[in-house]
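Working notes, beginning with the structure itself.
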Amino acid sequence: MSRPLRVVAATFALLLATACNSASTGGNTPAASARGVTADTIKVGGIVSMTTASGYSKKDTDLGARARYDRANAEGGVNGRKIAYLGAEDDGQDPARNLAAARELVQREQVFAVAPMSSVTFAGADFLDSQKVPTVGWGTLPSFCGPAHIYGFNGCLVPTPGGTLNQTWPESLASVLGGARGKSVALIAGDNDAGKFGIRTFTQGFKAAGFQVPYAKAVVPATSMPSDWSAYTKEILRSGPGGGAPDAVISVMQTPYNIGLFTALKRSGYRGVLSDPTDYDPGLLAKDATKQALDGVHVLLQFQPFESDSPAMRQFKDDIRKAAGGKEVPLNMHMLTGYMSADLFLAIAAKAGEDLTVESFQKAADGFSDTGTLVGDRALPKGKKESFGCGALVQLKNGRYEVAVPFKCYPPIPFG
């Protein structure tokens with residue numbers, strides 16, 4: 030066959046296939062119009078730190094996302110399309126692997142969206158935003174605050190110029206301590222960019238709530254956990270008024286570091302309040318040493334505690350149980366992170382309508398709001414500059430978590 034005839038034949042075949050595909054939909058199924066979107070599916074992937082050098086893992090973020098997508102599919106999908114969730118790529122908390130995972134999902138897998146994205150690094154942020162990939166995750170990094178296509182499921186947790194500070198932690202600890210007036214807190218974090226920024230913001234927040242902050246340092250090696258914490262504990266325990274111990278020690282670090290620090294503080298005789306934002310995980314209670322190290326610790330949550338009995342929490346637990354094959358599995362905050370990342374993506378995609386494109390998704394996000402979710406009331410574009418401002422404190426007591434301060438939303442303060 031000559032080249033002109035081959036071209037004509039190929040063109041005719043393409044037109045015939047298109048006509049057949051159109052006819053098969055009967056006009057009732059949304060047409061495909063964007064990368065990762067077909068007439069009946071939306072392809073979504075995730076990026077999660079499943080393995081790390083310290084042993085800390087967010088792998089259950091993937092289960093949480095899968096649980097939410099499974100329910101969406103069981104209910105008919107999003108405007109007639111099922112979610113084709115590929116699972117999460119493991120970035121190992123490595124910036125290079127994070128970027129590689131983003132490229133893999135977009136260039137090879139051709140996903141429409143990345144949800145969840147949960148890591149301490151987000152080197153793939155600029156790439157995802159430039160490729161116009163809607164991305165939803167835990168907004169603990171600056172990249173969740175501003176870029177057009179990147180969203181935090183509970184808003185932007187990293188204050189930006191002109192933004193606000195979430196006061197959940199200071200206000201909740203004030204409740205635990207009977208008020209902030211005359212009380213002191215020591216803040217400690219890892220020696221990295223995230224730790225330094227955390228120290229800066231939490232120092233402002235605790236001072237604004239009325240606390241004294243005599244110690245606030247990002248000094249713990251971020252790449253190798255100390256075997257001896259005495260240098261840190263001695264300085265902390267002498268930082269309070271009159272050279273005494275502060276009323277509370279706040280750690281802005283991950284679980285393995287917290288276990289080491291809190292154990293050392295207790296052995297030094299410290300009897301004040303200990304608090305961190307990461308150790309809400311019943312799986313940690315399986316080991317007696319871990320359970321003992323974390324006993325009494327107040328953990329900051331930015332979602333409803335698992336101990337609550339709201340309809341949304343009951344639904345979450347049921348969805349997780351189904352995704353785990355009908356088994357009861359210990360719940361943890363990473364499951365909630367994945368679940369709510371998927372939930373926000375689904376809510377915006379549903380509002381975008383049958384003609385799902387990046388443009389329609391972005392338009393739906395602009396002005397999106399809902400209420401009564403596991404992270405409180407959500408609103409965009411507010412979430413691009415500030416968090417949704419809600420949270421709770423739970424305390425580990427005698428091998429179980431108890432709600433110390435109920436889930437509540439607090440007025441933010443200007444960041445400066």
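All letters in the sequence shown, in the order written, are residues 30 to 445 by this note's numbering. Just so it is clear, CB atoms sit at the ideal spot from N, CA and C, and this is done for glycine as well. All values reported here derive from a predicted model rather than from experimental measurement.
- A direct Cα-Cα distance of roughly 49 Å separates residue 297 from residue 375.
- For residue 321, the secondary structure class from DSSP, reduced to helix, strand or coil, is helix.
- Taken in chain order, the unbroken stretches of beta strand (DSSP E) that lie wholly in the segment 238-321 and span 3 residues or more are 241-249, 277-281 and 302-305.
- The DSSP-derived three-state label of residue 391 is helix.
- With at least 16 other beta carbons inside 10 angstroms of its own, residue 110 counts as buried.
- Annotated three-state conformation of residue 414 is coil, per DSSP.
- Annotation: residue 333 to residue 364 spans about 13 Å, alpha carbon to alpha carbon.
- When C-beta atoms of the segment 294-310 are compared with those of the segment 241-253, fewer than three pairs fall below 8 Å, so the two segments do not count as touching.
- In the displayed model, residue 326 falls within coil according to three-state DSSP, outside both helix and strand.
- Look at the beta carbons and you see the segment 400-414 not touching the segment 150-159: under three pairs across the two are nearer than 8 Å.
- Here residue 162 carries a coil assignment [DSSP, helix/strand/coil].
- According to the DSSP assignment, residue 344 belongs to the alpha helix (DSSP H) that extends over 340-352.
- Judged by DSSP secondary structure, residue 205 falls outside any beta strand (DSSP E) and instead within the alpha helix (DSSP H) spanning 197-206.
- The distance from the Cβ of residue 184 to that of residue 416 is about 4 Å, consistent with a contact at the 8 Å cut-off.
- For residue 403, the CB contacts under 7 Å within the same chain, skipping 5 residues up- and downstream, are 332, 333, 341, 342, 345, 365 and 369 in chain order.
- Separation of the CB atoms of residue 367 and residue 94 is rounded to 4 Å, and the pair is thereby assigned contact status at 8 Å.
- Excluding residues up to 5 positions away in sequence, 424 lie with their Cβ nearer than 6 Å to the Cβ of residue 431 in the same chain.
- Pairing residue 113 with residue 178, the inter-Cα distance amounts to about 20 Å.
- For the pair residue 244 and residue 216, the CB atoms are nearer than the 8 Å cut-off.
- Membership of residue 380 in the alpha helix (DSSP H) is indicated by the continuous run 362-381.
- Residue 443 and residue 231 have their C-alpha atoms some 13 Å from each other.
- When beta bridges are read from the DSSP output, residue 95 appears opposite no residue.
- Beyond the five residues adjoining it in sequence on each side, residue 314 comes within less than 7 Å, by CB distance, of 320 and 428 in the same chain, given in chain order.
- In terms of Cα proximity to residue 325, the closest of 335, 304 and 338 is 304.
- In the three-state DSSP reduction, residue 157 falls in the helix class (H, G or I).
- As summarised for the segment 104-179, the continuous alpha helix (DSSP H) elements at least 4 residues long and confined to that stretch are 124-132 and 154-159, given in chain order.
- Spanning the alpha carbons of residue 278 and residue 437 requires a straight line of approximately 22 Å.
- If you look at residue 438, you'll find it in the beta strand (DSSP E) that goes 429-438.
- By the criterion of a C-beta distance shorter than 8 Å, residue 203 is surrounded in its chain by 209, 212, 238, 239 and 240, once the five residues flanking it on both sides are discounted.
- When the five nearest sequence neighbours on each side are left out, the beta carbons in the same chain lying within less than 6 Å of the beta carbon of residue 227 are those of 218 and 281, in order along the chain.
- Of the other Cβ atoms in all chains shown, 16 or more fall within 10 Å of the Cβ of residue 371; this residue is therefore buried.
- In the DSSP annotation of this structure, the continuous segment of the beta strand (DSSP E) that includes residue 213 starts and ends at 213-219.
- With a cutoff of 8 Å on beta-carbon distance, residue 90 and residue 147 are scored as near each other.
- Rounded to whole angstroms, the Cβ separation of residue 144 and residue 164 is 7 Å, and the two are in contact under 8 Å.
- Looking at the DSSP output, residue 442 shares a beta bridge with 194.
- Spanning the alpha carbons of residue 118 and residue 74 requires a straight line of approximately 8 Å.
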